[in-house]
Amino acid sequence: MGYILDTEITYLPGVGPKRAELLQKELGIATFGDLLYFFPFRHIDRTKIYRISELSDELPYVQVIGRIVNISEAGAGRNKRLTAIVTDGSGSLELVWFQGITWVAKRLKPNTDYLIFGKATRFGAHFSMAHPEMDIYNPEQEKLTGALQPVYSTTEKLKNNRITSKTIMGFVQTLLTLAAGRIDETLPPFIIEQHKLMTLPEALRNIHFPQNALLLRKAEHRIKFEELFYVQLSILSRQKVRQIKVNGHIFSRVGEMFNRFYNERLPFPLTEAQKRVIKEIRRDMVSGKQMNRLLQGDVGSGKTIVALMCMLLAIDNGYQACIMAPTEILANQHYESITSLLGDLPISVGLLTGSTRRSERNTLHKSLEAGELQILIGTHALLEDVVKFNNLGFVVIDEQQRFGVAQRAKLWEKNDDPPHILVMTATPIPRTLAMTLYGDLDVSVINELPPGRKPVKTLHYTDVKRNVVFGLMREQIKKGRQVYVVYPLIKESDKLENLKDLEDGYESIVRAFPPPEYVTVVVHGQMKPEDKDFSMNLFVQGKAHIMVATTVIEVGVNVPNATVMVIESAERFGLSQLHQLRGRVGRGADESYCILVSQVKLTKESRKRLETMVTTNDGFKIAEVDLQLRGPGDIAGTMQSGMPFDLKLANLATDGQLIQYARTVATELLDQDPLLTSPRNAILKNQLQKLELHRTDFSGIA
Ligand code: ADP
Ligand code: MG
1252 MGYILDTEIT
1262 YLPGVGPKRA
1272 ELLQKELGIA
1282 TFGDLLYFFP
1292 FRHIDRTKIY
1302 RISELSDELP
1312 YVQVIGRIVN
1322 ISEAGAGRNK
1332 RLTAIVTDGS
1342 GSLELVWFQG
1352 ITWVAKRLKP
1362 NTDYLIFGKA
1372 TRFGAHFSMA
1382 HPEMDIYNPE
1392 QEKLTGALQP
1402 VYSTTEKLKN
1412 NRITSKTIMG
1422 FVQTLLTLAA
1432 GRIDETLPPF
1442 IIEQHKLMTL
1452 PEALRNIHFP
1462 QNALLLRKAE
1472 HRIKFEELFY
1482 VQLSILSRQK
1492 VRQIKVNGHI
1502 FSRVGEMFNR
1512 FYNERLPFPL
1522 TEAQKRVIKE
1532 IRRDMVSGKQ
1542 MNRLLQGDVG
1552 SGKTIVALMC
1562 MLLAIDNGYQ
1572 ACIMAPTEIL
1582 ANQHYESITS
1592 LLGDLPISVG
1602 LLTGSTRRSE
1612 RNTLHKSLEA
1622 GELQILIGTH
1632 ALLEDVVKFN
1642 NLGFVVIDEQ
1652 QRFGVAQRAK
1662 LWEKNDDPPH
1672 ILVMTATPIP
1682 RTLAMTLYGD
1692 LDVSVINELP
1702 PGRKPVKTLH
1712 YTDVKRNVVF
1722 GLMREQIKKG
1732 RQVYVVYPLI
1742 KESDKLENLK
1752 DLEDGYESIV
1762 RAFPPPEYVT
1772 VVVHGQMKPE
1782 DKDFSMNLFV
1792 QGKAHIMVAT
1802 TVIEVGVNVP
1812 NATVMVIESA
1822 ERFGLSQLHQ
1832 LRGRVGRGAD
1842 ESYCILVSQV
1852 KLTKESRKRL
1862 ETMVTTNDGF
1872 KIAEVDLQLR
1882 GPGDIAGTMQ
1892 SGMPFDLKLA
1902 NLATDGQLIQ
1912 YARTVATELL
1922 DQDPLLTSPR
1932 NAILKNQLQK
1942 LELHRTDFSG
1952 IA
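First residue of the sequence shown: 1252, per the working numbering; consecutive thereafter.
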């Protein structure tokens, strides 16, 4: 007989084929194990019972004990509903059902006490509860199930098929009884002992049915620790394997191109931070190991030139290099700044994006494969199988958070020996998060801006003060400076509405800044590339005073003469986006301004975001606040694409300490046994293989 948790869910008493199919489709529960790891999203304190007279709109889900005094059906067809009135002596409460009416009506017993659970909503003078959970009240039984009762998420479809949270609770109860004594531990005993963890069977029982809050916390701790520990173990052991088994190209020479660039072409002295980072990278390049390095540096800190100089090292040693950027605009910008930095140095540079013409593409492919093309700059078009390098030695990935781990791996596979990889990000990532998302990378930081930069002054105005904002814009334009005005693009589906915002905004700006005295251009994501380029170029060349744009300018544009960034509906932007946008100004030597324009009425969170922007320019501080403000769901969406496997319980945003702890444990373990070959680590090796086998398929990530 196989392992009990691998049993198909259909064999659980009370489930059967029809319900099994629903559970699989709606909740992804296919096996006993899936059910056991389908954790409740919260527990309700069954010790608290409210009087009906105590109910209020503010209360979350509550339970009351009441006797049914009246049952009636009303309406017809789709509007049909069933109501029951219950009283508990202190008042009366209406219960309503819109679905499954016949089934419910058959089961409700008048003049019987029920334990009723649900959310009470006020309607005029009385309270009503829609689709409550109901059990005939039995004081004896209540004591048995323990004080904290699990609540599971269900779907409309499940509810319609009468699989409620209660039903799932029943399944789990059955399963725990069935599986008692037959659940395999997934951590070795020495770890459980050393770190005083609950055993797995204990933790699984308590995560569903804790006898008290302390036991629930201990169960959560065990499960979170395990999740984070295996994530770290996976990341770190991959790194170990790479260090032991994979050879890196050795760039031993500092050669002609690097030296000529340094002596003839360097447009400014490098900052100390830039020099230090180049040294760090160079050290990796002669180590004989493959480099995987994260380069963090705030917007405008000068990452491009660092990347270029490292590419020159590769070229001097006979290798090719490439830069991969997340957007076409950014790829173009890199292409332009790199070709202009290189000037007349004899280095061939190519640009490959989605809009590269087919004929041009073919030529590029050929010269790349022949090894004639030395630097290729592009978007994820670089990842396509037809793009073959002759000997790729160095890869730069800009703005990494938009690329998944798998994409990094894909570039790897373009050669027998993997190239050195430099991942550049302007979004500072809090340490604990970096440890998980980029745990296999070494980190370099450019913590210094080029000299002469004045920090951008950030001001917040509500939209009733728009005249003040216009005044400031006018003043700067009079001084010969340029201005950005940005409108949010929240969701893809908002596109049309958003363009309306943008168009209205454009009109009001043209009214306040009439041509021909002022020239205003518009740039947004849905324009034809030619039109977009045309407008952009007017602005870049200083021929337009104002650029009205959506967030397409978030990354890439570099116009040192622009000194004002006006962000409209600033409350609708995320913190890191606001910070990125602000980084578009303050690139020249003049005092620059970032002006956040918002509604008067703000939520607590958006107020905090705007305040943070006004009070600090420090990207790391901003990232910390961002992480605190953004919910786990949000983080899950944007960040977890970088994870080796999904987390069910642990939270990257809030479990920072535990991440650190799990990482330390994993590091110590691998230091002693890098390939996990010792018998006492057998469980770990096994479990890791199992998890990695089941891990999310990354290939779909765009
Ligand atoms: P980011 O790190 O945001 O990619 P860039 O590489 O685009 O920053 O550099 C921002 C601007 O700063 C560019 O105009 C670049 O030429 C300039 N720059 C970079 N390094 C220095 C330096 N050491 N001294 C002066 N200006 C610099
Ligand atoms: Mg950049």
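Where is the CB? At the ideal position from N, CA and C, for every residue including glycine.
For Arg1297, which of helix, strand or coil comes out of DSSP? If you number the sequence shown from 1, residue 1297 lands on position 46. DSSP places Arg1297 in coil when its eight states are reduced to three.
Specify which residues have a beta carbon nearer than 6 Å to any heavy atom of the ligand MG, listing them in chain order. Lys1554, Thr1555
Specify whether the segment 1258 to 1268 and the segment 1277 to 1287 touch according to this definition: at least 3 beta carbon pairs, one from each stretch, less than 8 Å apart. yes
Counting Cβ pairs, one atom from each stretch, are 3 or more of them under 8 Å apart for the segment 1834 to 1842 and the segment 1809 to 1820? Yes, since at least three Cβ pairs between the segment 1834 to 1842 and the segment 1809 to 1820 fall closer than 8 Å, the two stretches touch.
In the DSSP assignment, find the alpha helix (DSSP H) that holds Met1542 and state where it starts and stops. By 1-based counting over the sequence shown, the position of residue 1542 is 291. Taken as a continuous stretch (DSSP letters only), Met1542 belongs to no alpha helix (DSSP H), as it is neither H nor E.
Along the chain, where does the beta strand (DSSP E) containing Ser1323 start, and where does it finish? Walking along the sequence shown from the start, residue 1323 turns up at place 72. It spans 1313 to 1325 - the beta strand (DSSP E) in which Ser1323 sits, taken as one unbroken run.
Distance between beta carbons of Ile1529 and Cys1561, contact taken as under 8 Å: Working through the sequence shown from its first residue, we reach residue 1561 at position 310. Working through the sequence shown from its first residue, we reach residue 1529 at position 278. Contact flag correct, Cβ pair sits at about 7 Å.
Residues bridged to Thr1676 (per DSSP): Here residue 1676 refers to the residue found at position 425 when the sequence shown is read from its first residue. Answer by DSSP bridge pairing, in chain order: Gln1547.
How about Gln1483 and Arg1931: do their beta carbons lie closer than 8 Å? Mapped onto the sequence shown, residue 1483 falls at position 232. Mapped onto the sequence shown, residue 1931 falls at position 680. In this structure, Arg1931 does not lie closer than 8 Å to Gln1483 by Cβ.
Check whether the Cβ atoms of Asn1543 and Ile1672 sit closer than 8 Å, and answer yes or no. The count along the sequence shown starts at 1 and reaches residue 1543 at position 292. The count along the sequence shown starts at 1 and reaches residue 1672 at position 421. A contact, by the Cβ cut-off of 8 Å.
Between Ile1319 and Pro1268, what straight-line distance do the alpha-carbon atoms span, to the nearest angstrom? Taking the sequence shown and counting its residues from 1, the one referred to as residue 1319 is at position 68. Taking the sequence shown and counting its residues from 1, the one referred to as residue 1268 is at position 17. Using only the alpha carbons, I get a separation of about 35 Å.
To which residues of the same chain is Thr1363 closer than 7 Å at the C-beta, ignoring the five residues directly before and after it? Taking the sequence shown and counting its residues from 1, the one referred to as residue 1363 is at position 112. For Thr1363, where only same-chain residues beyond five positions count, the Cβ hits under 7 Å are Arg1318, Ile1319, Ile1387.
To the nearest angstrom, how far is it from the Cα of Ser1341 to the Cα of Leu1426? To locate residue 1341, count along the sequence shown from 1; it is residue 90. To locate residue 1426, count along the sequence shown from 1; it is residue 175. Roughly 40 Å between the two C-alpha positions.
In whole angstroms, give me the CA-to-CA distance for Ser1588 and Val1537. Position 337 of the sequence shown, counting from 1, holds the residue named residue 1588. Position 286 of the sequence shown, counting from 1, holds the residue named residue 1537. Cα-Cα distance, rounded: 28 Å.
Quick one: grab the DSSP three-state call for Phe1441. Translated into the one-based positions of the sequence shown, residue 1441 becomes position 190. Three-state result, Phe1441: helix.
Selection from Leu1596, Val1770, Ala1335, Leu1256 that minimises the alpha carbon distance to Gly1793: Taking the sequence shown and counting its residues from 1, the one referred to as residue 1793 is at position 542. Measuring from the Cα of Gly1793, the nearest candidate turns out to be Val1770.
Assuming Pro1461 contacts His1294 (C-beta within less than 8 Å), just tell me the rounded distance between them. To locate residue 1461, count along the sequence shown from 1; it is residue 210. To locate residue 1294, count along the sequence shown from 1; it is residue 43. The Cβ separation is near 7 Å, so the contact holds.
Under three-state DSSP, which class holds Ile1414? For the purposes of this step, residue 1414 is identified with residue 163 of the sequence shown, where counting begins at 1. Of the three classes helix, strand and coil, the one that applies to Ile1414 here is coil, per DSSP.
Should Phe1519 be counted as a contact of the ligand ADP given a C-beta to heavy atom distance under 7 Å? The sequence position of residue 1519 within the sequence shown is 268, counting from 1. Within the cutoff, so yes.
State the CB to CB distance for the pair Ile2034 and Ile1760, rounded to an integer number of angstroms; the pair is presumed to be in contact (CB under 8 Å). Nothing about residue 2034 can be reported from this structure: the residues present for the chain run from 1252 to 1953 only.
Assign Pro1930 to one of three DSSP states: helix, strand, or coil. By one-based count along the sequence shown, residue 1930 stands at place 679. In this structure, Pro1930 counts as helix in the three-state DSSP scheme.
So, Ala1335 versus Ile1316, is the Cβ gap smaller than 8 Å? In the sequence shown, counting from the first residue as 1, residue 1335 sits at position 84. In the sequence shown, counting from the first residue as 1, residue 1316 sits at position 65. Not in contact: Ala1335 and Ile1316 (Cβ atoms no closer than 8 Å).
Among Tyr1481, Tyr1912, Ala1565, nearest to Ile1501 - alpha-carbon criterion: Here residue 1501 refers to the residue found at position 250 of the sequence shown. It is Ala1565 whose Cα lies nearest to the Cα of Ile1501.
In the DSSP assignment, find the unbroken alpha helix (DSSP H) run with Arg1473 in it and report its ends. Within the sequence shown, residue 1473 is the residue found at index 222, counting from 1. Counted as a single uninterrupted DSSP element, the alpha helix (DSSP H) harbouring Arg1473 occupies residues 1464 to 1496.
What's the C-alpha gap between Leu1344 and Glu1305? Here residue 1344 refers to the residue found at position 93 when the sequence shown is read from its first residue. Here residue 1305 refers to the residue found at position 54 when the sequence shown is read from its first residue. Using only the alpha carbons, I get a separation of about 11 Å.
Straight-line gap, Thr1918 to Ile1434 (C-alpha atoms, nearest Å): Walking along the sequence shown from the start, residue 1918 turns up at place 667. Walking along the sequence shown from the start, residue 1434 turns up at place 183. If you take the alpha carbons of Thr1918 and Ile1434, they lie about 28 Å apart.
Whole-angstrom Cβ separation of Lys1202 and Glu1478, contact assumed at under 8 Å? Nothing can be reported for residue 1202, as the shown portion of the chain is limited to 1252 through 1953.
For Ile1532 versus Asp1649, is the C-beta spacing smaller than 8 Å? Residue mapping note: residue 1532 aligns to position 281 of the sequence shown, counting from 1. Residue mapping note: residue 1649 aligns to position 398 of the sequence shown, counting from 1. In this structure, Ile1532 keeps its C-beta atom at 8 Å or more from the C-beta atom of Asp1649.
Between the CA atoms of Phe1640 and Asp1922 - distance to the nearest angstrom: For this step, residue 1922 is matched to residue 671 along the sequence shown. For this step, residue 1640 is matched to residue 389 along the sequence shown. In a straight line, the C-alpha of Asp1922 is about 36 Å away from that of Phe1640.
Do three or more CB pairs link the segment 1371 to 1381 to the segment 1343 to 1358 at distances below 8 Å? yes
Are three or more beta carbon pairs between the segment 1781 to 1789 and the segment 1817 to 1833 nearer than 8 Å? Inter-segment contact for the segment 1781 to 1789 and the segment 1817 to 1833 is absent: fewer than three beta-carbon pairs are separated by less than 8 Å.
If Gly1369 and Arg1413 are in contact, beta carbons under 8 Å, what's the gap, nearest whole angstrom? Stepping through the sequence shown from its first residue, residue 1369 is reached at position 118. Stepping through the sequence shown from its first residue, residue 1413 is reached at position 162. Contact doesn't hold; Cβ gap of about 16 Å is too wide.
Cys1845 to Thr1604 span [Cα, whole Å]: Along the sequence shown, one-based indexing puts residue 1845 at 594. Along the sequence shown, one-based indexing puts residue 1604 at 353. C-alpha of Cys1845 to C-alpha of Thr1604: approximately 32 Å in a straight line.
If you measure from the CB of Ser1552, is any heavy atom of the ligand ADP nearer than 7 Å? The sequence position of residue 1552 within the sequence shown is 301, counting from 1. Indeed, a heavy atom of the ligand ADP lies less than 7 Å from the Cβ.
Using a threshold of 7 Å, is the CB atom of Ala1621 nearer than that to any non-hydrogen atom of the ligand ADP? By one-based count along the sequence shown, residue 1621 stands at place 370. Not under cutoff, so the answer is no.
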